[in-house]
Amino acid sequence: MSRWLDQVFRCTMTAVLAVGISGCATTEEITRETNDLVSQQWGRLDSAAECCSALGAIDFNAPTEGGLRFQIAEGNARVFESGKSYFFAMNVSEFRGSEYLVVKSHQNVHRRHGLPYIFRPSVLLVDENRQIAADFNIPLCFARGWTQRETGYFGLVKTNPAIWGAVFHTPRSVQGTSVKFGNSVTTAGGGAVVDVVVDYDFPASPIGELEVFALDPKLRSHLEKHCERLFQ
16 MSRWLDQVFR CTMTAVLAVG ISGCATTEEI TRETNDLVSQ QWGRLDSAAE CCSALGAIDF
76 NAPTEGGLRF QIAEGNARVF ESGKSYFFAM NVSEFRGSEY LVVKSHQNVH RRHGLPYIFR
136 PSVLLVDENR QIAADFNIPL CFARGWTQRE TGYFGLVKTN PAIWGAVFHT PRSVQGTSVK
196 FGNSVTTAGG GAVVDVVVDY DFPASPIGEL EVFALDPKLR SHLEKHCERL FQ
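In terms of this note's numbering, the sequence shown is residues 16 to 247.
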């Protein structure tokens, strides 16, 4: 269990068991705070300046050998078919040797021990002439592994030799939605053992952190086990 969730869990259990610990907020308070923050983020997107209606005006970032980790941050926004969105563009031609690109959406925590929010991505794929080849939502699946690379929210994009670039954005339809995190926890205290299922809904935000890299055989085996639906 990650540190932030461990703290939220301990605070929540404290509230449930009526044991006072200074600095702990209830699950309801933490959820409300994060939802309010994300609502403000969507509101700022409404008033963000529009840019880059022509794909030729967008700068496409080059990835490193291991991929690219980046922030989709507040700033100018582009109007996609699915609505206005902040975005990040990258050249994906170097990944043509891989069957899939991994799109990993990282949890974004606005303060220590806060509830994360999640960027639910869509991708606009273009060819070398910056002509649109596809535009679709990327389903996410949570997988847990032994390493940080194997744990998180994963999506897959099937590669194509004709694809040169990818523009990551988010559809307006995800506003007000959330991604569920569930965790079964066993805790001992006061001579008692308590089994608790901790469920949190991470709200979808117009900003967030993504990581894009080629799918290697080890991670593929892991995702086929935990997120088989991504390959269907």
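We put the CB at the ideal spot given by N, CA and C, even for glycine.
Whole-number beta carbon distance between residue j and residue i, since they are thought to touch under 8 Å
| i | j | result |
| --- | --- | --- |
| residue 85 | residue 238 | No, residue 85 and residue 238 are not in contact; Cβ-Cβ is about 21 Å, not under 8 Å. |
| residue 223 | residue 87 | 6 Å |
| residue 115 | residue 174 | 7 Å |
| residue 60 | residue 92 | 6 Å |
| residue 234 | residue 164 | 7 Å |
Cβ-Cβ distance between residue i and residue j below 8 Å
| i | j | result |
| --- | --- | --- |
| residue 53 | residue 176 | no |
| residue 194 | residue 155 | yes |
| residue 167 | residue 121 | yes |
| residue 141 | residue 148 | yes |
| residue 76 | residue 220 | no |
| residue 117 | residue 227 | yes |
| residue 171 | residue 83 | no |
| residue 78 | residue 109 | yes |
| residue 96 | residue 150 | yes |
| residue 89 | residue 63 | yes |
| residue 242 | residue 158 | yes |
Identity of the residues DSSP links to residue i by a beta bridge
| i | result |
| --- | --- |
| residue 236 | Paired residue(s): none; residue 236 is not in a bridge. |
| residue 215 | 196 |
| residue 156 | 169 |
| residue 133 | 219 |
7 Å CB neighbourhood of residue i in its chain, flanking five on each side removed
| i | result |
| --- | --- |
| residue 111 | 174, 176 |
| residue 37 | Unreliable placement is indicated for residue 37, whose pLDDT of 36 sits below 50; no coordinate value is reported for it. |
| residue 56 | 220, 221, 222 |
| residue 178 | 107, 140, 142, 148 |
| residue 131 | 122, 123, 124, 217 |
| residue 160 | 166, 237 |
| residue 113 | 174, 229, 230 |
| residue 215 | 130, 196 |
| residue 152 | 137, 186 |
Contact set for residue i: own chain, Cβ-Cβ below 6 Å, skip 5 residues either direction
| i | result |
| --- | --- |
| residue 20 | Because residue 20 carries a pLDDT of 46, less than 50, the predicted location of this residue cannot be relied on, and the following value inherits that uncertainty. For residue 20, where only same-chain residues beyond five positions count, there are no Cβ hits under 6 Å. |
| residue 144 | none |
| residue 102 | 93, 182, 184 |
| residue 119 | 167, 169, 226 |
Contacts around residue i, its chain only, beta-carbon distance under 8 Å, and the 5 residues preceding and following it disregarded
| i | result |
| --- | --- |
| residue 65 | 91, 92, 93, 94, 99 |
| residue 74 | 104 |
| residue 245 | 154, 156, 169, 170, 171, 238 |
| residue 188 | 97, 98 |
Query raised in the report: Can you find at least 3 beta carbon pairs, one from the segment 180-188 and one from the segment 41-51, that sit closer than 8 Å?
Result: Two segments are said to touch when three or more pairs of C-beta atoms, one from each, lie closer than 8 Å; by this definition the segment 180-188 does not touch the segment 41-51.
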